[in-house]
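S.K.: For the record, the sequence lines run as chains F and C.
To get the numbering used here, take the position in the first sequence, counting from 1, and add 72.
To get the numbering used here, take the position in the second sequence, counting from 1, and add 388.
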Amino acid sequence: MSWRRSWALIRHELKALNDDPGSLVFLLIMPLLMMGLMKPLFGLSLQADGFVGANGAEQAVPGMAAMFVTFTGSFAGFTFFREHGWHTWDRLRASQATTPDIMVGKLAPTMTIAVAQMVALFALGVALFDLVIVGSLAALSMIVIGFSLAMLSFGMAITSLSRTSLQLNTYVNLAGIVFAGVGGALVPITVLPEWVQSAGRFTPTYWAMDGFLDVILAGAGIADVVVPTLVLLGFSAIFTAVTALRFRFEESKVYVA
Amino acid sequence: MIEAALEIEALKKRYGEIVALDGVDLTVPRGEVIGLLGPNGAGKTTLVSIVCGLRRADAGTVRVCGIDALADPQSARGHIGLAPQELGVYPIDSVHQNLRLFGELCGLRSANLQSQIEAVSAALRLTDLMDRKAGELSGGQKRRLHTAIALLGEPHLILMDEATTGADVETRAALIQVVRDLAGRGSSVLYSTHYLGEVEDLEARVVIIDNGRIIAEGSITNLIAGNGGSIVELVFNGKAPILRGLDVTVDESVVRVRTEDPGREMGAIFAALGDEARHLQSVEIINPSLETVFLELTGRRYEPEENVDVMAS
Numbered sequence: 073m074s075w076r077r078s079w080a081l082i083r084h085e086l087k088a089l090n091d092d093p094g095s096l097v098f099l100l101i102m103p104l105l106m107m108g109l110m111k112p113l114f115g116l117s118l119q120a121d122g123f124v125g126a127n128g129a130e131q132a133v134p135g136m137a138a139m140f141v142t143f144t145g146s147f148a149g150f151t152f153f154r155e156h157g158w159h160t161w162d163r164l165r166a167s168q169a170t171t172p173d174i175m176v177g178k179l180a181p182t183m184t185i186a187v188a189q190m191v192a193l194f195a196l197g198v199a200l201f202d203l204v205i206v207g208s209l210a211a212l213s214m215i216v217i218g219f220s221l222a223m224l225s226f227g228m229a230i231t232s233l234s235r236t237s238l239q240l241n242t243y244v245n246l247a248g249i250v251f252a253g254v255g256g257a258l259v260p261i262t263v264l265p266e267w268v269q270s271a272g273r274f275t276p277t278y279w280a281m282d283g284f285l286d287v288i289l290a291g292a293g294i295a296d297v298v299v300p301t302l303v304l305l306g307f308s309a310i311f312t313a314v315t316a317l318r319f320r321f322e323e324s325k326v327y328v329a
Numbered sequence: 389m390i391e392a393a394l395e396i397e398a399l400k401k402r403y404g405e406i407v408a409l410d411g412v413d414l415t416v417p418r419g420e421v422i423g424l425l426g427p428n429g430a431g432k433t434t435l436v437s438i439v440c441g442l443r444r445a446d447a448g449t450v451r452v453c454g455i456d457a458l459a460d461p462q463s464a465r466g467h468i469g470l471a472p473q474e475l476g477v478y479p480i481d482s483v484h485q486n487l488r489l490f491g492e493l494c495g496l497r498s499a500n501l502q503s504q505i506e507a508v509s510a511a512l513r514l515t516d517l518m519d520r521k522a523g524e525l526s527g528g529q530k531r532r533l534h535t536a537i538a539l540l541g542e543p544h545l546i547l548m549d550e551a552t553t554g555a556d557v558e559t560r561a562a563l564i565q566v567v568r569d570l571a572g573r574g575s576s577v578l579y580s581t582h583y584l585g586e587v588e589d590l591e592a593r594v595v596i597i598d599n600g601r602i603i604a605e606g607s608i609t610n611l612i613a614g615n616g617g618s619i620v621e622l623v624f625n626g627k628a629p630i631l632r633g634l635d636v637t638v639d640e641s642v643v644r645v646r647t648e649d650p651g652r653e654m655g656a657i658f659a660a661l662g663d664e665a666r667h668l669q670s671v672e673i674i675n676p677s678l679e680t681v682f683l684e685l686t687g688r689r690y691e692p693e694e695n696v697d698v699m700a701s
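#1: Look at residue 589 (chain C) and residue 511 (chain C) and say whether their C-beta atoms are less than 9 angstroms apart.
#2: Determine whether the Cβ of residue 164 (chain F) lies closer than 9 angstroms to any Cβ atom of chain C.
#3: Within 10 angstroms of its Cβ, does residue 235 (chain F) collect 16 or more other Cβ (buried), or is it exposed?
#4: Taking contact to mean at least 3 C-beta pairs separated by less than 8 angstroms, is the segment 91-103 of chain F in contact with the segment 153-166 of chain F?
#5: Going along chain C in order, which residues have a C-beta closer than 8 angstroms to the C-beta of residue 76 (chain F)?
#6: Assign residue 420 (chain C) to one of three DSSP states: helix, strand, or coil.
#7: Take residue 232 (chain F) and list the residues in its own chain whose beta-carbon comes closer than 6 angstroms to its own, dropping the five residues that flank it on each side.
#8: Mind listing the chain F neighbours of residue 406 (chain C)? Cutoff is C-beta to C-beta under 8 angstroms, in chain order.
#9: What residues from chain F crowd round residue 468 (chain C), counting only those whose CB sits closer than 8 angstroms?
#10: When the Cβ atoms of the segment 255-269 of chain F are set against those of the segment 167-186 of chain F, are three or more pairs found closer than 8 angstroms?
#11: With a threshold of 16 other CB atoms inside 10 Å of the CB of residue 145 (chain F), please say whether the residue is buried or exposed.
#12: Are residue 509 (chain C) and residue 489 (chain C) touching if we call contact CB-CB under 9 angstroms?
#13: In whole angstroms, give me the CA-to-CA distance for residue 426 (chain C) and residue 642 (chain C).
#14: So within the segment 247-305 of chain F, which uninterrupted alpha helix (DSSP H) runs reach at least 4 residues, ignoring any that extend past its ends?
#15: For the beta strand (DSSP E) that residue 97 (chain F) lies in, which residues bound it at each end?
#16: Starting from the beta carbon of residue 472 (chain C), find every residue of chain F whose beta carbon is closer than 8 angstroms, and list them in chain order.
#17: Going by beta-carbon coordinates alone, are residue 661 (chain C) and residue 685 (chain C) separated by less than 9 angstroms?
#18: Nearest CA to the CA of residue 633 (chain C): which residue from C:659, C:624, C:650?
#19: Which runs of the alpha helix (DSSP H) at least 4 residues long sit entirely within the segment 508-541 of chain C? Give them in chain order.
#20: Measuring CA to CA, which of C:394, C:681, C:619 is closest to residue 657 (chain C)?
#21: Round the Cβ separation of residue 107 (chain F) and residue 133 (chain F) to the nearest angstrom and send it over; I've been treating them as touching at under 8 angstroms.
#22: If the cut-off is 9 angstroms on Cβ atoms, which residues from the segment 77-93 of chain F count as contacting chain C, listed in chain order?
#23: With DSSP as the reference, identify every bridge partner of residue 703 (chain C), one or two as the case may be.
#24: Can you grab the Cα-Cα spacing for the pair residue 436 (chain C) / residue 445 (chain C), in whole Å?
#25: Using a Cβ-Cβ cut-off of 9 angstroms, state whether residue 453 (chain C) counts as contacting chain F.
#26: Would residue 479 (chain C) pass as an interface residue toward chain F - the criterion being a Cβ-Cβ separation below 9 angstroms?
#27: Apart from the five residues on each side of it in sequence, which residues of its chain come closer than 7 angstroms, Cβ to Cβ, to residue 240 (chain F)?
#28: Use the C-beta contact count for residue 701 (chain C): other C-beta atoms within 10 angstroms, 16 or more gives buried, fewer gives exposed.
#29: Going by beta carbon distance, what residues of the same chain come within less than 7 angstroms of residue 473 (chain C), once the five residues before and after it are set aside?
#30: So, does the CB of residue 169 (chain F) fall closer than 9 angstroms to a CB anywhere in chain C?
#31: For residue 77 (chain F), which residues of its own chain have a beta-carbon under 6 angstroms away from its beta-carbon, when the five flanking residues on both sides are left out?
#32: Identify whether residue 243 (chain F) lies in helix, strand or coil by the three-state DSSP scheme.
#33: Just list the residues that DSSP pairs residue 108 (chain F) with in beta bridges.
#34: How about residue 331 (chain F): is its C-beta nearer than 9 angstroms to some C-beta of chain C?
#35: What does residue 548 (chain C) pair with, by DSSP beta-bridge criteria?
#36: Identify, in the order they occur along the chain, each residue of the same chain with its Cβ nearer than 7 angstroms to the Cβ of residue 638 (chain C), setting aside the five sequence neighbours on each side.
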């Protein structure tokens, strides 16, 4: 593995993202708008659940951050489809870059963006929506990293199963909404039917929200979020295994612009 | 002894029921240009893809500069520059950024990287376009950038797969000149094409591949000398008549007459035709060339687009 080659690819991917201002809207502005819209409703819900001083940002900020990071997970997969669309995939594979060089070069930027997106959304949540984080920021970071990793590996698993970029978008968007819905990001988990709450446990979003709410509302520390972090890493391992089994470097993929 | 840049033995590849390569043997000596000629679907792209590790072979051996390319494709790639069939450049990046990225992937750094970028951009006449985005280049300019990327790092073996597809006359001439220059500087080039004229322009040793098999190889002069002279091709409305006393091959409605002197033979042909001449649709004299070689070896005219390329499907 050559870090120089990976770094060349990382720079290239970051530049491509920077050249597309639409991604900034999607990464930050959309979730912020959603937070503003949902905050009052979530405030009432949290107060009904006994969090008397809650203003709704405690649910709206992590919820919308978690939902939109799911969509960001597809960015990594999209870069592979784009290579096929530009006919640069074979050229890249025939270069001296190894498989690990290419994977790191493609996935590291998305992981960085996912983490940066969540950090920025939490910071803006504090600044714009009066979010108060009672617990440990280190604990919050553990969940942020674990969840970003889970969503990145989820995006890659879907990429490995998709033949076209349209399929990737459809599946990731669908999963993003389902995960957010049953995982307690789109609405507080406590207002959902019991069977949905049980089903939610099988989504990474549930464990991310469990960790976030523990830190934000209950003042949890690092030791309190070990379980959700490990579960998120477990999801990452499962999704990575799917990718390893299904991803074929020589497979032709179809990029639909 | 200096090993060849590329040595292929008994290479086989199937895609399901389709045989793409059926025991190909091929050697590209150092500093030589080999014109790999064949219609679409003949197996050229499959061959190139296996050499640079993009596809797995079913059987056979491939050695690049002495390295077993099937067992250790990563090491072999260190000696290979590939210009694939499809134009592969990043449209959102400038010409310089494209060259820089692929130069870095070759392992080039700092001053060496810059001098390589300058050298290949000068060779392919890209110097004035360095800040232009690849997506804004004309087709010919993109083709030149596409080829320039393959030359970065001065690879010992350059694989050019249908390098001039869609290129204008000027670009085609420039690319042919670049290939000649590369050979002059000691690089080996495997130049895959379905254009007979290009191989003739290159004056390269020719390898003709058809249906996954090498059917002929040698210099153009020797191939033509060894595979007959001119051919007079007669196409009839309906089934072709039998022509006695002439050296002919018949294929449904087509009769081909081999001759050293088509002008003189014409009288004999029409005399042999007699009343059947009224069914004649067309007459064509095919002068000695790679076209007649292909015809002699396969019994059919060279039709570059006769099949769908297996790799492209």
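Virtual Cβ for every residue (Gly too), placed ideally from N, Cα, C.
M.R.: From the atom records:
#1: no
#2: yes
#3: exposed
#4: no
#5: 492, 495, 497
#6: coil
#7: 315, 318, 319
#8: Under the 8 angstroms cutoff, chain F gives no residues; its nearest Cβ is about 16 angstroms from residue 406 (chain C).
#9: 166
#10: no
#11: buried
#12: no
#13: 22 angstroms
#14: 266-272, 276-290
#15: Residue 97 (chain F) -> no beta strand (DSSP E), and no H or E assigned at all.
#16: 159, 162, 163, 166
#17: no
#18: C:659
#19: 527-539
#20: C:619
#21: 6 angstroms
#22: 77, 79, 80, 81, 83, 84, 87, 88, 91, 92
#23: Look at the range of chain C in this structure, 389 to 701, and you will see that residue 703 (chain C) is not part of it.
#24: 11 angstroms
#25: no
#26: yes
#27: 146, 149, 150, 153, 230, 231, 234
#28: For residue 701 (chain C), the predicted structure reports a pLDDT of 31, less than 50, and the residue's modelled location is therefore unreliable. The matter cannot be settled from this model.
#29: 433, 549, 550, 553
#30: yes
#31: 169, 173
#32: helix
#33: None; residue 108 (chain F) has no bridge partner.
#34: The structure shown has nothing for residue 331 (chain F), since chain F only spans 73 to 329.
#35: C:471, C:579
#36: 628
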